[in-house]
Amino acid sequence: MSEHQQTLYPIVQALIFSSDQALSAQTLFELLQLEYPDIELADVQTALTEIKQSLAGSGLVLAEVGEAVRIQVADDYLDWVYKLYQQTPPKLSRALLETLAIMAHRQPVTRAEIEAIRGVSVSSPIMAQLKQQGWIKALGQKEVPGHPTLWGTTPKLLEDLGLSSKQALVDQLETIVQRFIQEQEQEQSQNRIDLDL
Amino acid sequence: MSEHQQTLYPIVQALIFSSDQALSAQTLFELLQLEYPDIELADVQTALTEIKQSLAGSGLVLAEVGEAVRIQVADDYLDWVYKLYQQTPPKLSRALLETLAIMAHRQPVTRAEIEAIRGVSVSSPIMAQLKQQGWIKALGQKEVPGHPTLWGTTPKLLEDLGLSSKQALVDQLETIVQRFIQEQEQEQSQNRIDLDL
Amino acid sequence: MQATQQLSLPLAIVQGEPMVNLPKGLYIPPNALKVLLTDFEGPLDLLSHLIRTNKFDIRDIPVFEIARQYQQYIGLMQQLDIELAGEYLFMAAWLTEIKSRLLLPKPPSFDDDDENEDDPRVELMQKLLEYEAYQQGARWLDSLKIVGRDVWPISIEVETPPEVTAQIDLDDLNAALQNVMQRALTKVAHQVSEEPIEISDKIEWVLSQISLEPVSMLDLLVAQEGKPGLVVTFIALLELWRQQQIELQQDEAYADISIRRAA
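Chains as they are written, first to last, in our numbering: chain H, 1 to 197; chain U, 1001 to 1197; chain X, 2001 to 2263.
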């Protein structure tokens, strides 16, 4: 390790272990430049690589979340942490995931609009759980009679899902939804051609 | 490292890094015994010593707090974390939020009463941080042996939360509690119906 | 995921007479069947399940058969006292309406492209397609590594420096309170711990009890606190004396110690 690296390594380590959100190499670089004007982005990346390697077999891993990194418990040891906290991993019900998928894709969206798509009412416990997770928030009110609340997703949801931006979430859902509907419709027009013959 | 140690080391490391309070060797030992009945307390202590040594020069330290240990950022690197916090103010830890929520709901309340509700001890750093943020203050002392301090919330907390009065805060939290209790009762009566079948 | 469970529901149970005459002829216990039936996320989910298990073409739904099976499910749910959301009955009515419109003679059409607009099933098909598309979206979300379920991030707590105000909002506090209650539920019983006697508490209390008039140290001791209380009181007095907040006076060895606020 170069002298430079020996200086950077513990600083970067202290920062990524104590940050409560994933940090990008760029953020770390800008912070370090305050004190070390001559470092380069590559130096930060080297330090991150070293930290990643040094964690092998340690019960912890350096995980990449979009452009950023965070330290997390290695998958094999997650059960131990739940034992420590005397918890079981929360279950995400199908109803909750469906509601969340619609909300994320259609945001801002009212509860009634979600209900129209699911064909069934969205229960209060589900809304409560989504709010408790810090995944959704009120974005405002729709300018129609009754002024229903418009819902949307939070930055915490993106971080918890390991996605880089709200756009990435919306785009991915758009792809899934459109691909599914298109596939079905293509089959349909295919069928009609078959019938015409 | 013995084979035994190789098994224990990552588990102990994952546990002490993810715990939001200091853990004693005894606590770790009892937890590990669930899966490894033949380990000894000394094995846990060996693992802790190894972790302590492996952290040398890493920006992190294994600090001893009475009988227990906790991972901390090494003093020399705290300034870096503060710099990071100035850029992106930190979110509050789960332990801190839970303590504050109980305090706000039950005020005036003693530390031991909060601990009884949370089921885990309220660490001094958490109390220190709540005081430092100016969110809590001593309201008096409870007339029981030991004259423990009764804690409550400050106008600054209300201001930071955007609330007009202490009553609004207490009421808001009471609503959450009542809704939770209602949902539990519904679930229980649901379960009872299931059992009748 | 639950979806796979749902798809594995054996069709034989729900087709034909045995299903209607509960519980005779059923080879799964009503309890298990009830779990399967309550597993549906609404009428669209149930319809989509029926179409898939029958391998029907969603673009050409045999409405008469689907409506029949749907009615059987609804009947079964009612027999089992499952609280039926109004939406299930609304869907049953809709299916009946589609059925009756299909029975009506079609007005003469000269344009083949109008075929779809005349078909009363189109709207139902579109609703089903859209719902199924979002089920795919939900499955994708479920496949992700989600923090709090599959991922536990490490964040070593560092005390916030005085010049920084941490982010806080009411939702966080609400969520924290719910977490506490949830955890309290899973515990068999609370461990009610004794109030520890804190030196800081004792110091404040002593300060509230003394004035410029001397008081006896014995008066500051609280009998119920026992020896720990005595030790803590004594340390508190030493600390206050060190901070020069109080004056201690003892006339001779083993005599009572009197305390008064420092002038």
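For each residue, glycine too, the CB sits at the ideal point set by N, CA and C.
Hey, residue i and residue j: beta-carbon distance below 8 Å or not?
i: residue 1091 of chain U; j: residue 76 of chain H; result: no
i: residue 1078 of chain U; j: residue 84 of chain H; result: no
i: residue 2074 of chain X; j: residue 2125 of chain X; result: no
i: residue 2045 of chain X; j: residue 1149 of chain U; result: no
i: residue 119 of chain H; j: residue 2042 of chain X; result: yes
i: residue 1173 of chain U; j: residue 2173 of chain X; result: yes
i: residue 2063 of chain X; j: residue 2089 of chain X; result: no
i: residue 2157 of chain X; j: residue 1093 of chain U; result: yes
i: residue 2141 of chain X; j: residue 100 of chain H; result: yes
i: residue 1042 of chain U; j: residue 1060 of chain U; result: no
i: residue 2184 of chain X; j: residue 1117 of chain U; result: yes
i: residue 22 of chain H; j: residue 81 of chain H; result: no
i: residue 131 of chain H; j: residue 110 of chain H; result: no
i: residue 2121 of chain X; j: residue 2146 of chain X; result: no
i: residue 151 of chain H; j: residue 108 of chain H; result: yes
i: residue 1069 of chain U; j: residue 1044 of chain U; result: no
i: residue 2218 of chain X; j: residue 2251 of chain X; result: no
i: residue 2128 of chain X; j: residue 2047 of chain X; result: yes
On a Cα-Cα basis, can you pick out the residue from the options that is closest to residue i?
i: residue 17 of chain H; options: H/139, H/71, H/98; result: H/71
i: residue 2165 of chain X; options: U/1129, U/1183, U/1171, U/1138; result: U/1129
i: residue 2137 of chain X; options: H/165, H/178, H/127, H/147; result: H/178
i: residue 2222 of chain X; options: U/1145, U/1011, U/1100; result: U/1145
i: residue 124 of chain H; options: U/1182, U/1027, U/1055, U/1023; result: U/1182
i: residue 1058 of chain U; options: H/51, H/58, H/62; result: H/51
i: residue 2244 of chain X; options: X/2207, X/2064, X/2050, X/2229; result: X/2207
i: residue 34 of chain H; options: U/1087, U/1108, U/1005, U/1027; result: U/1087
i: residue 1095 of chain U; options: X/2059, X/2036, X/2131, X/2155; result: X/2155
i: residue 1067 of chain U; options: U/1111, U/1009, U/1027; result: U/1027
i: residue 2198 of chain X; options: X/2213, X/2153, X/2225; result: X/2225
i: residue 2067 of chain X; options: X/2058, X/2055, X/2049, X/2096; result: X/2096
i: residue 2036 of chain X; options: X/2213, X/2076, X/2153; result: X/2076
i: residue 1112 of chain U; options: U/1147, U/1097, U/1136; result: U/1147
i: residue 2177 of chain X; options: U/1031, U/1103, U/1029, U/1165; result: U/1103
i: residue 157 of chain H; options: X/2162, X/2148, X/2159; result: X/2148
i: residue 2263 of chain X; options: X/2253, X/2246, X/2254; result: X/2246
State the DSSP-derived secondary structure class of residue i, mapped to helix, strand or coil.
i: residue 1152 of chain U; result: strand
i: residue 2191 of chain X; result: Here residue 2191 of chain X scores only 46 on pLDDT, less than 50, and its place in the model should not be relied on; the value that follows carries that caveat. Three-state result, residue 2191 of chain X: coil.
i: residue 175 of chain H; result: helix
i: residue 2249 of chain X; result: strand
i: residue 2151 of chain X; result: strand
i: residue 1096 of chain U; result: helix
i: residue 22 of chain H; result: coil
i: residue 2100 of chain X; result: helix
i: residue 133 of chain H; result: coil
i: residue 1034 of chain U; result: coil
i: residue 2022 of chain X; result: Caution applies to residue 2022 of chain X, whose pLDDT of 43 falls short of 50 and renders its modelled position unreliable; the value that the coordinates give is listed next. In the structure shown, residue 2022 of chain X sits in coil (DSSP, three-state: anything other than H, G, I, E or B).
i: residue 2093 of chain X; result: helix
i: residue 1011 of chain U; result: helix
i: residue 140 of chain H; result: strand
i: residue 1165 of chain U; result: coil
i: residue 2013 of chain X; result: Low confidence applies here, because residue 2013 of chain X scores a pLDDT of 43, under 50, leaving its location unreliable; read the following figure in that light. In the structure shown, residue 2013 of chain X sits in a helix (DSSP, three-state: H, G or I).
i: residue 2216 of chain X; result: strand
i: residue 2159 of chain X; result: coil
i: residue 1180 of chain U; result: helix
i: residue 147 of chain H; result: coil
i: residue 2165 of chain X; result: coil
i: residue 185 of chain H; result: helix
i: residue 17 of chain H; result: helix
Starting from residue i, trace the beta strand (DSSP E) in both directions and tell me its first and last residue.
i: residue 1069 of chain U; result: 1068-1073
Over what stretch of residues does the alpha helix (DSSP H) that includes residue i continue unbroken?
i: residue 1063 of chain U; result: Per DSSP, residue 1063 of chain U belongs to no alpha helix (DSSP H); it is in the beta strand (DSSP E), 1060-1065.
i: residue 2121 of chain X; result: Counting along the chain, residue 2121 of chain X falls outside any alpha helix (DSSP H), and DSSP gives it neither H nor E.
i: residue 2258 of chain X; result: Not the alpha helix (DSSP H): residue 2258 of chain X falls in the beta strand (DSSP E), residues 2257-2261.
i: residue 1112 of chain U; result: 1111-1118
i: residue 2049 of chain X; result: 2043-2053
i: residue 1091 of chain U; result: Premise fails: residue 1091 of chain U is in no alpha helix (DSSP H) and is neither H nor E.
i: residue 2068 of chain X; result: 2063-2079
i: residue 1047 of chain U; result: 1041-1054
i: residue 2264 of chain X; result: Only positions 2001 to 2263 of chain X appear in the structure, and residue 2264 of chain X is not among them; the question remains open.
i: residue 2204 of chain X; result: 2199-2209
i: residue 85 of chain H; result: Element bounds for residue 85 of chain H: n/a, residue is neither H nor E.
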